[in-house]
């Protein structure tokens, strides 16, 4: 996500980091590395998809 920061801007980057941390907290104490990798892939390919999901909920 840090590498995408310059493309996304500060506000979007902060929102995505918060979503990532939320995902980690939800998985505690067992972390699903596949789900985290999928999240990172979406951040690289289509970060707005994650942000749209937030506004729809």
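Numbering (this note's numbering), first residue to last: 1 to 57. In this text, a Cβ means the ideal position worked out from N, Cα and C, and glycines have one as well.
Any chance the CB of residue i is under 8 Å from a heavy atom of the ligand ZN?
i          : result
residue 18 : Questions concerning the ligand ZN fall outside what the structure shown contains, since it holds no ligand whatsoever.
Residue j and residue i - do their beta-carbons sit closer together than 9 Å?
i          : j          : result
residue 13 : residue 5  : yes
residue 16 : residue 7  : no
residue 51 : residue 35 : no
residue 39 : residue 19 : yes
Within 10 angstroms of the Cβ of residue i, are there 16 or more other Cβ atoms? Answer buried if so, exposed if not.
i          : result
residue 44 : exposed
residue 47 : buried
Compare the C-beta of residue i against all C-beta atoms of chain B and say whether one is closer than 9 Å.
i          : result
residue 24 : The structure shown contains no chain B, having only a single protein chain.
Exercise for the section: Kindly provide the ranges of any alpha helix (DSSP H) runs that are 4 or more residues long and lie completely inside the segment 18-52, ordered along the chain. Expected result: Whole alpha helix (DSSP H) segments, 4+ residues: 33-45.
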